[in-house]
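**Student:** Numbering (our numbering), first residue to last: 4 to 284. For every residue, glycine included, the Cβ atom is placed at its ideal position computed from N, Cα and C. Submitted below is the structure of interest, expressed as structure tokens.
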């Protein structure tokens, strides 16, 4: 049975109340009662919501098998979120025996309903040959659909494929385009790659200042390679005022994460002055 607008609203309000009320509260228990009643009457959205509550342990004891049970009921009625969730459980073996073919099957059903996360993961299945025959063209197809809907991991994957020419014609400008889309959503790997692109001038006009901007964004999220790159640029004064202090600051952050290049760079940096240099008489 498909959800009616009024039932969908009531179930959604009940779930929202439970999520904001805190685990094991009276509001949770009340929400579960209402959601279960609708789920048992065949409401697909309620079935998905009940599965989600079992998955998260909201108002009920966490139970992956029960989550799968209710996700399956909703998925079989065409609920895309439940289809995606069922794919995830089959892929990880939570609450059900791991089955890559079943995971791909449910990802496909959700992907065909324009679920971007499912489209991305179906692309991964094709890229790796998990649950389906390996097929680069199909991987690109699903990555592109997900990327066009704003899925950041798909944008990153598509950028990497264009950068390397794997399963697509190599195209630096297309790589830069997709890395930028992911970077603008805060993806640290894409920010690092976009910095590299601007520093090298591949697919874009070379712009060291722009490279530093994206390296810094990744560095501030803790990426050790980006931290090392920022340090190197300040040490050399490429596109920024030369600054040993800034270089040492970023090399140290990278070295503390085990980056060997940064550790060696620190060893080669001049020691900071501890007192003013006086002119010789």
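Within this structure, are the beta carbons of residue 229 and residue 218 separated by less than 8 Å?
**Tutor:** Going by C-beta atoms, residue 229 is nearer than 8 Å to residue 218.
**Student:** Please report the residue range of the alpha helix (DSSP H) in which residue 126 lies.
**Tutor:** First-last of the alpha helix (DSSP H) with residue 126: 119 to 131.
**Student:** In chain order, what residues of the same chain have a beta carbon less than 7 Å from the beta carbon of residue 83, not counting five sequence neighbours either side?
**Tutor:** Counting only Cβ-Cβ distances below 7 Å, and skipping sequence neighbours, we find 113, 116 and 118.
**Student:** Return the chain-ordered ranges of every alpha helix (DSSP H) run that is complete within the stretch 173 to 261 and spans a minimum of 4 residues.
**Tutor:** Those alpha helix (DSSP H) runs which fall completely within the stretch 173 to 261 and span 4+ residues are 175 to 187, 191 to 203, 211 to 223, 227 to 239 and 247 to 258.
**Student:** Taking 6 Å as the limit between beta carbons, can you name the residues of its chain near residue 69, skipping five residues before and five after?
**Tutor:** For residue 69, where only same-chain residues beyond five positions count, the Cβ hits under 6 Å are 57.
**Student:** Alpha carbon to alpha carbon, what distance is there between residue 61 and residue 36?
**Tutor:** Distance between the alpha carbons of residue 36 and residue 61 is about 12 Å.
**Student:** Which residue spans inside the stretch 32 to 70 form an unbroken alpha helix (DSSP H) run of at least 4?
**Tutor:** Correct list: 47 to 59.
**Student:** For residue 143, which of 273, 263 and 126 has the nearest alpha-carbon?
**Tutor:** It is 126.
**Student:** Mapping the DSSP letters down to three states, classify residue 97 as helix, strand or coil.
**Tutor:** In the structure shown, residue 97 sits in coil (DSSP, three-state: anything other than H, G, I, E or B).
**Student:** Within the same chain, show all residues whose beta-carbon is closer than 6 Å to that of residue 184, passing over the 5 residues directly before and after it, in chain order.
**Tutor:** Only 158 meet the Cβ criterion.
**Student:** Since residue 271 is in the alpha helix (DSSP H), which residue starts that stretch and which ends it?
**Tutor:** Residue 271 -> alpha helix (DSSP H) spans 263 to 271.
**Student:** What's the call for residue 91, buried or exposed, on a 16-neighbour Cβ count within 10 Å?
**Tutor:** When all chains shown are included, residue 91 counts as buried.
**Student:** In three-state terms, what does DSSP make of residue 136?
**Tutor:** Residue state, collapsed to three classes: coil.
**Student:** By DSSP, does residue 27 sit in helix, in strand, or in coil?
**Tutor:** For residue 27, the predicted structure reports a pLDDT of 49, less than 50, and the residue's modelled location is therefore unreliable. A value from the coordinates is still provided. If DSSP states are grouped into helix, strand and coil, residue 27 belongs with coil.
**Student:** Hey, could you find the ends of the alpha helix (DSSP H) residue 81 is sitting in?
**Tutor:** From DSSP, residue 81 is part of no alpha helix (DSSP H); its letter is neither H nor E.
**Student:** Please classify residue 260 as buried or exposed, where buried requires at least 16 neighbouring CB atoms within 10 angstroms.
**Tutor:** Classification for residue 260: exposed.
**Student:** State the Cα-Cα distance for the pair residue 245 and residue 273, rounded to the nearest angstrom.
**Tutor:** Between residue 245 and residue 273, the C-alpha separation is close to 13 Å.
**Student:** Let's see if you can read the secondary structure: which residues bound the alpha helix (DSSP H) around residue 105?
**Tutor:** Looking at the DSSP string, the run of the alpha helix (DSSP H) that includes residue 105 is 103 to 114.
**Student:** So, is residue 86 buried or exposed, given that buried needs 16 or more other C-beta atoms within 10 angstroms?
**Tutor:** Counting Cβ neighbours within 10 Å, residue 86 comes out buried, since at least 16 surround it.
**Student:** Of the choices 251, 67, 196 and 53, whose alpha-carbon is the least far from that of residue 100?
**Tutor:** It is 67 whose Cα lies nearest to the Cα of residue 100.
**Student:** Roughly how far, in whole angstroms, is the beta-carbon of residue 104 from the beta-carbon of residue 154, given that I think they are within contact range, below 8 Å?
**Tutor:** Incorrect: roughly 23 Å between the Cβ atoms, too far for contact.
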